[in-house]
Amino acid sequence: MMNARDSYPDHAGAQVIPIRPEAHEQPPERSPVEHALASGLSFLRRRLSGEYEVDEFGFDPEFVEAVMPVARLFYEKWFRVELRGLENLPADGGALVVANHSGTLPIDGLMLQVGVHDHAQRNLRLLGADLVYQVPLLGHLSRKAGHTLACQADADRLLTKGELVGVFPEGFKGVGKPFADRYKLQRFGRGGFVATALRADVPIIPCAIVGAEEIYPKIGELGALARLLGLPYFPVTPTFPLFGLLGLIPLPSKWIIQFGEPVSLEGLEPGAADDPMTVFNLTDHVREVIQQMLYDLLLRRGPAFF
Amino acid sequence: MPSAVARVVLVTGVSRFLGARVAYALQADPGIERVIGVDTVPPTTSLGRTEFVRVDIRTPSIAKVISSAEVDTVVHLNLVTAPTGPRSSMKELNVIGTMQLLAACQRSPDMRKLVVRSSAAVYGSSPRDPAVFAEDDEPVDPPSSGYAKDAVEVEGYVRGLKRRRSDLAVSTLRFANFLGPGVDSPLTRYLRMPLVPTVFGFDPRLQFVHTTDGVEVLRRMTVEDHPGTFNVAGDGVLTLSQAIRRAGRPNLPLAAPAMGALGDLCKRFGGLPAFSPELLRWLTYGRVVDTSRLVGELKWRPKYTSEAAFAEFVNASGLGHNLALGLLDRLTGGLR
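Chains V and W supply the protein sequences, listed in that same order.
In terms of my numbering, the first sequence has 256 at position 253, counting the first letter as 1, and numbering is strictly consecutive.
In terms of my numbering, the second sequence has 902 at position 266, counting the first letter as 1, and numbering is strictly consecutive.
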């Protein structure tokens with residue numbers, strides 16, 4: 004960086020008064036290490052003083068940028084995610100991404116978010132189950148990450164603001180299904196997502212995620228413990244709870260995430276959201292599209308771990 | 637429009653902070669002939685040309701004031717949100733007081749307009765809440781105790797009056813928590829605690845409204861005609877962790893039951909605030925309201941965002957010295 008004084012040769016007697024005195028205090032150049040240190044410190048300072056902003060949903064973009072490198076490590080190195088069909092995501096404006104849900108713990112949501120963030124440069128706003136918001140830590144981390152409660156009002160609000168919203172209509176039935184049922188789509192809720200998309204007049208983008216099924220193969224569950232802890236299920240996997248916390252390390256399966264062609268809702272009036280038959284038919288259609296994508300991707304992937 | 641021009645305005649709860657400010661703002665309006673303030677205790681500050689009448693709104697004598705002065709506009713600011721005495725007396729003041737007042741309003745042929753101070757607490761606080769509440773949303777988990785429940789009941793009686801007197805212009809205002817110079821509330825007392833306890837694992841989203849904006853909204857609702865129910869809050873939200881850091885307060889995360897117990901202990905031995913159940917729920921799950929209806933109706937935005945209102949509170953109370961931040965700056969002073 005050149006500053007004001009460098010631009011002019013020093014004339015005898017002529018004193019150059021800097022227009023922005025603070026510009027002089029900046030060292031002209033910084034090594035990358037110094038730069039990283041300085042930005043790390045200013046980040047820490049902002050966090051400690053609370054001088055950052057969150058939106059009305061509690062989304063904290065700075066927090067997301069800070070934890071993204073860790074999630075990206077899993078995305079790129081551990082699960083080696085291959086992202087396909089990116090051209091089906093709109094560059095701006097509202098859209099509803101509908102994906103299959105699996106993996107015992109909802110890691111697939113996080114990986115989907117990383118993929119969209121890194122490759123489509125958009126923040127995917129996921130809709131989470133209400134249990135998430137009752138559990139200490141989980142609820143506020145999820146809000147900071149930009150997720151919110153899966154309810155009509157929140158989905159409508161996000162879509163009207165032109166956000167990219169992600170939803171897993173299978174819910175716990177999908178994420179908590181036994182390993183034997185892998186890649187079999189469960190019931191798609193009550194089709195609320197279709198009604199939401201119709202009302203907000205946004206396209207539905209079907210999305211298939213292959214690989215999440217193998218990260219924690221759920222071979223059994225402890226029903227009594229789950230009831231005691233108020234959880235929908237307490238999983239038993241080959242490594243958990245056998246190896247304790249070590250068992251929580253996800254198996255390094257190979258992932259493929261594919262976005263399908265947007266399901267056009269054009270030609271349907273917003274009033275169609277109140278017609279249960281239209282909603283059921285569209286729900287089934289989206290479900291079949293995703294199921295077909297899953298089968299195709301499974302063939303394409305081949306073995307789960309290599 | 638001219639049907640509801642405020643000529644004689646009655647302000648309840650005039651000796652308390654908000655009532656005094658609103659009465660003062662109204663008496664400065666030359667279009668209003670008389671401003672009558674009522675409360676059970678005399679006001680401590682000067683209210684200009686406001687006439688003070690010492691009357692308990694829980695008694696039928698309020699009806700005499702309304703009829704003899706030919707009051708056409710009632711600004712009901714009596715809702716007590718800070719528990720000061722036993723719960724039963726607070727409830728009586730809030731609910732029975734409102735019933736008596738509304739009964740008097742219903743009888744009076746001069747009545748044209750009613751402006752009611754309610755609270756965003758009517759939406760409750762729960763993990764199953766939508767992120768943002770609009771005026772027509774039903775609470776997911778309605779408040780079951782404290783002033784929040786009183787506010788729900790008050791709104792119920794107001795709706796009843798509106799049904800019976802459809803000629804009245806009724807404005808109900810659901811305010812977020814007030815902040816500003818001179819505000820003393822359970823929230824400000826909480827934030828001034830030497831060690832601020834928070835519920836472990838929860839970081840609620842909060843909203844504040846600056847008193848200046850609150851008074852302006854009430855003034856405009858009184859002198860103009862804006863019937864309906866409106867949320868009132870500063871733009872934007874602040875999470876509790878952000879607020880505590882900005883105020884530079886040390887914080888102590890506690891499990892929810894421990895926090896309730898600590899509140900009780902503080903009250904018993906230290907004269908510090910106990911956490912009422914509704915405050916505790918608010919500090920756990922938070923609440924955000926949508927103010928677009930108010931902004932659209934008044935063609936006006938609150939001057940203070942939630943952040944700005946909080947910043948002013950921090951400055952006015954001499955908070956804002958962040959120990960951790962000071963330490964960081966001292967350690968790294970040479971590096972930046």
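We put the beta carbon where it would ideally sit given N, CA and C, even for glycine.
These numbers come from a predicted model, not from an experiment.
Can the beta-carbon of residue i be found closer than 8 Å to that of residue j?
i, j, result
"W:Pro938", "W:His862", "no"
"W:Val751", "W:Asn730", "no"
"W:Val850", "W:Ser942", "As written in the sequence, residue 850 of chain W is Gly, which differs from the Val given in the question. No."
"V:Gly233", "V:Phe243", "no"
"V:Ile293", "V:Leu127", "no"
"W:Asp708", "W:Ala642", "yes"
"V:Leu167", "V:Pro273", "no"
"W:Arg917", "W:Ser761", "yes"
"V:Val101", "V:Ile208", "yes"
"V:Val282", "V:Gly174", "no"
"W:Ala945", "W:Leu815", "yes"
"W:Val711", "W:Thr848", "no"
"V:Ser256", "V:Ala307", "yes"
"W:Thr927", "W:Val835", "no"
"V:Leu248", "V:Phe237", "no"
"V:Ser42", "W:Arg881", "no"
"W:Asn813", "W:Leu804", "no"
"V:His163", "V:Ala198", "The question names His, but residue 163 of chain V is Thr in the sequence shown. The answer is no: Cβ separation not under 8 Å."
"W:Gly962", "V:Pro139", "no"
"W:Gln736", "W:Arg801", "no"
Excluding five sequence neighbours on each side, which residues of the same chain lie with their C-beta closer than 6 Å to the C-beta of residue i?
i, result
"W:Thr676", "Asp692"
"W:Thr865", "Glu771 and Thr808"
"W:Ala740", "Ile698, Ala699 and Ile702"
"V:Met296", "Ala211, Gln261 and Gly263"
"V:Arg83", "Lys257"
Would you mind reading off the limits of the alpha helix (DSSP H) that contains residue i?
i, result
"W:Thr734", "Gly733 to Arg743"
"V:Thr163", "Gln155 to Thr163"
"V:Leu44", "Pro35 to Ser52"
"V:Gln124", "No alpha helix (DSSP H) contains V:Gln124, which DSSP labels as neither H nor E."
"V:His288", "Pro279 to Arg304"
"W:Pro878", "The sequence as given places Gln at residue 878 of chain W; Pro does not occur at that position. Run containing W:Gln878: Leu876 to Arg882, per the alpha helix (DSSP H) assignment."
"W:Asp849", "Thr847 to Val859"
"W:Arg685", "First-last for W:Arg685: undefined, no H or E at that position."
"W:Asp965", "Leu959 to Thr968"
Taking all protein chains shown into account, do 16 or more other C-beta atoms lie within 10 angstroms of the C-beta of residue i, making it buried, or fewer, making it exposed?
i, result
"W:Ala664", "exposed"
"W:Trp936", "exposed"
"V:Pro24", "For V:Pro24, the predicted structure reports a pLDDT of 48, less than 50, and the residue's modelled location is therefore unreliable. The matter cannot be settled from this model."
"W:Asp772", "exposed"
"W:Gly649", "buried"
"W:Ser912", "buried"
"W:Pro745", "exposed"
"V:Ala26", "Here V:Ala26 scores only 48 on pLDDT, less than 50, and its place in the model should not be relied on; the value that follows carries that caveat. Per the 10 Å Cβ criterion, exposed."
"W:Leu713", "buried"
"W:Arg685", "exposed"
"W:Arg855", "buried"
"W:Asn958", "buried"
"V:Gly142", "buried"
"V:Asp287", "exposed"
"V:Ser145", "buried"
"W:Asp900", "exposed"
"V:Ile222", "exposed"
"V:Pro241", "exposed"
"V:Met280", "exposed"
"W:Thr920", "buried"
Who are the near neighbours of residue i in its chain, counting only those whose CB is closer than 7 Å to its CB and skipping five residues on each side?
i, result
"V:Ile110", "Ala215, Ile218 and Pro253"
"V:Leu108", "Tyr219"
"V:Leu300", "Ala211, Val213, Ile259 and Gln261"
State the CB to CB distance for the pair residue i and residue j, rounded to an integer number of angstroms; the pair is presumed to be in contact (CB under 8 Å).
i, j, result
"V:Val170", "V:Phe196", "5 Å"
"W:Val671", "W:Ala659", "6 Å"
"W:Arg923", "W:Ala756", "6 Å"
"V:Ala74", "V:Leu130", "The pair is not a contact, with the Cβ atoms about 19 Å apart (cut-off 8 Å)."
"W:Thr734", "W:Val790", "5 Å"
"W:Glu844", "W:Gly884", "Note that residue 844 of chain W is Phe in the sequence shown here, rather than Glu. About 17 Å separates the two Cβ atoms, so there is no contact after all."
Considering just the uninterrupted stretch of the beta strand (DSSP E) at residue i, what are its terminal residues?
i, result
"W:Leu867", "Per the sequence shown, residue 867 of chain W should be read as Asn rather than Leu. Where W:Asn867 is concerned, the enclosing beta strand (DSSP E) stretches over Gly864 to Val868."
"V:Ala211", "Ile207 to Val213"
"V:Ala98", "Ala98 to Ala102"
"W:Arg753", "Lys749 to Ser755"
"W:Leu901", "W:Leu901 -> not in any beta strand (DSSP E); alpha helix (DSSP H) instead, spanning Ala892 to Leu901."
Quick one: what's got a C-beta closer than 8 Å to residue i's C-beta in the same chain, skipping five residues either side?
i, result
"V:Tyr298", "Tyr186"
"V:Arg49", "Tyr55 and Glu65"
"V:Gly61", "His143, Arg146, Lys147 and Thr151"
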